[in-house]
RNA sequence: UGGGGCGUCGUCUAAUGGCAGGACGUCAGACUUUGGAUCUGAUUAUCAAGGUUCGAAUCCUUGCGCCCCAGCCA
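So, in structure tokens, the structure goes:
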């Protein structure tokens, strides 16, 4: 709708509503999370969809907490969710709502349904309700308490609310159809007796509405026009329709879309909670997690996340997106915006034998070749440098263009150097390279026009600052860790080498990097300063590597 | 075996009766002071079988496959 892309099926439906005048041409969407965990990339899809629809159609967007189950919900989650939604850029203005603020209204509506003879108090416990419900292929049976009088039901409901009954001993149920092929219509529970302190209403209530009863009402109260949810709620739509129609209140259009799954990760709040509690990761914002707080810490931008979901589209087809698509989105964004810096992850000492001892010289380095406005900086060159260990091979294979004995390469923005000899320790490990430089190649160009096959990044050994660099790999080694076909628990597929920490040497200017600052370390990848950084002792998270043609070449060779 | 939903390149997705297109990936090449970026080219798909039609991914029929539902979770 907004760009050249064709409208997805939900936008097409909204267009149709606009044409037919349904909802008076208004569009009002919402994102309705339960505050029982941190938001992840799947939620981001929903947020982008809902907010995007409101924005594209001059509508409104609400953030509403679906806090109907105090047993699982916490203020910490409320706070993190608000922060994440804001970070993503979904503007809900002052429309921040809580289902718990509607508890009284919901209760009044429950009484009205009782009065209409459409709801009843059941004495069956949870196990008994299950037995009476029947199975997928067999109809259920009516509860023996289904035909209580209106007066009795009303009195019982009020006593439930007043706290006269034990937890789980009674429930309020809608009187619909115990033989429906749709199990959601087999007299669903509307209220359960549950004594738990709610993070907002405290102990004011001892009965809490179920999601099925509450959700449609929340949307109705807020005047939502398009209630967008995921596929598994398609089966519930007839129930929500039933409640809304029996109550005769504003009736939004529910539309279901497929959730966005990614390979090499898990994306359910239950499993993410388990990874956190089981200390398989360092917390909800561990940069290996698919949570929004984690990818933010890792260095992803909200622009990249939005662009990613925009590229993925919206359909009803179950799918698993290759995580490479996500990485591509963040590379595209960061390539445009990230300042380039030089950093050496695994340092190998290099001495330039013909460069004067004690001399240092500043050389011009471009900050971002994709953005001339980013300007340039000076990098210090000297006699002793660090090069990337993997940029040198004593016996290079055919397609390895980098440094090797006798070979000349260019140091980025500096000089051409030639490897003259190799210093090794007792174990035969290369510990140092002795090189010479060509003074005529200052800045990186040779007067005679010769062009080395490789340009390497480097730092001056005497000036560089040590920095912690955290190199992440995918959290799971299997593409589909949750696939039941494995017959194994998803945690068995946790990638044991998903985190590698090295002490890098970085340009001096990086010593004062602030948490959240993003850079491209040339030839290595995009990195983001972690909140653990201290002045003089920065820590960087690798957001994503650069595309690496050599790595691919190497892999091909086996 | 009840009810609901879904099947298009390797992946994500367009085309709603009129040339199956795009993006990512992959492969090849150009360019390059990042083996990055950029540019060019190539590559590969309508679940199956029937039917309707001048013409079907699209409509009909019958199969097949996958997902969701038997919480007082959401």
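Residue numbers (the numbering used here): 224 to 781.
Even glycine gets a Cβ: it sits at the ideal position worked out from N, Cα and C.
Everything numeric in this text was worked out from a predicted model, so none of it was measured.
Beyond the five residues adjoining it in sequence on each side, residue 496 comes within less than 7 angstroms, by CB distance, of 260 in the same chain, given in chain order. Under the 8 angstroms Cβ criterion, the segment 290-300 counts as touching the segment 411-429, having at least three qualifying pairs. According to DSSP, residue 751 shares a beta bridge with 741 and 764. Along the segment 589-632, the beta strand (DSSP E) occurs as fully enclosed runs of 3 or more residues at 599-605 and 607-611, listed in sequence order. Around the CB of residue 319, fewer than 16 other CB atoms lie within 10 Å, so the residue is classed as exposed.
Counting only unbroken stretches of 4 or more residues, the alpha helix (DSSP H) elements lying wholly within the segment 277-350 are 298-311 and 326-338, in sequence order.
For residue 716, there is no enclosing alpha helix (DSSP H), as DSSP marks it with neither H nor E. Each residue's CA atom was taken as its position, placing residue 363 and residue 409 some 7 angstroms apart.
In the structure shown, the three-state DSSP call for residue 504 is coil. Selection 493, 342 and 685 evaluated against residue 375 yields 342 as nearest (Cα-Cα). Taking a C-beta distance under 9 angstroms as the contact criterion, residue 679 and residue 633 qualify as a contact pair. Cβ-Cβ separation between residue 411 and residue 450: approximately 18 angstroms, too far for a contact (criterion under 8 angstroms). The way I'd put it, the segment 606-616 does touch the segment 563-573; three or more beta-carbon pairs between them come closer than 8 angstroms. With a contact defined as Cβ atoms closer than 8 angstroms, residue 615 and residue 626 qualify at about 5 angstroms. Fewer than three beta-carbon pairs drawn from the segment 704-713 and the segment 656-665 are found closer than 8 angstroms, and the two stretches are therefore not classed as touching. Of the other Cβ atoms in all chains shown, fewer than 16 fall within 10 Å of the Cβ of residue 776; this residue is therefore exposed. For residue 476, the enclosing beta strand (DSSP E) covers residues 476-480. Taking residue 556 as the centre and dropping the five residues before and after it, the same chain places the C-beta of 524, 526 and 527 closer than 6 angstroms to its C-beta, in chain order. Annotation: the continuous beta strand (DSSP E) that includes residue 412 extends over 412-416. Per the C-alpha coordinates, the member of 780, 714, 770 and 747 positioned closest to residue 487 is 714. Comparing alpha carbon positions, the residue from 754, 683, 690 and 618 closest to residue 737 is 754. If you draw a 10 Å sphere on the C-beta of residue 617, you find fewer than 16 other C-beta atoms in it, and that means exposed.
Annotation for residue 661: no alpha helix (DSSP H) segment contains it, though the beta strand (DSSP E) segment containing it runs 653-661. For residue 517, the enclosing alpha helix (DSSP H) has its first and last residue at 515-521. A check of alpha carbon separations from residue 675 across 694, 693, 657 and 641 identifies 641 as the nearest. Cβ neighbours of residue 444 within its own chain (closer than 7 angstroms, five residues either side excluded): 325 and 328. One alpha carbon belongs to residue 354, the other to residue 389, and they sit about 21 angstroms apart.
Taking a C-beta distance under 9 angstroms as the contact criterion, residue 416 and residue 391 qualify as a contact pair. Straight through space, the alpha carbons of residue 504 and residue 637 are spaced by roughly 41 angstroms. In the DSSP assignment, residue 678 is bridged to 633. In the three-state reduction of the DSSP assignment, residue 240 falls in the helix class. When DSSP states are grouped into helix, strand and coil, residue 683 belongs to the strand group.
Within the DSSP secondary-structure output, residue 484 pairs in a beta bridge with 543. Runs of the beta strand (DSSP E) lying entirely within the segment 364-419 and spanning at least 3 residues, in chain order: 394-397 and 412-416. Between residue 549 and the set 441, 694, 768 and 228, the nearest pair of CA atoms involves 768. Beta-bridge analysis with DSSP links residue 587 to 601.
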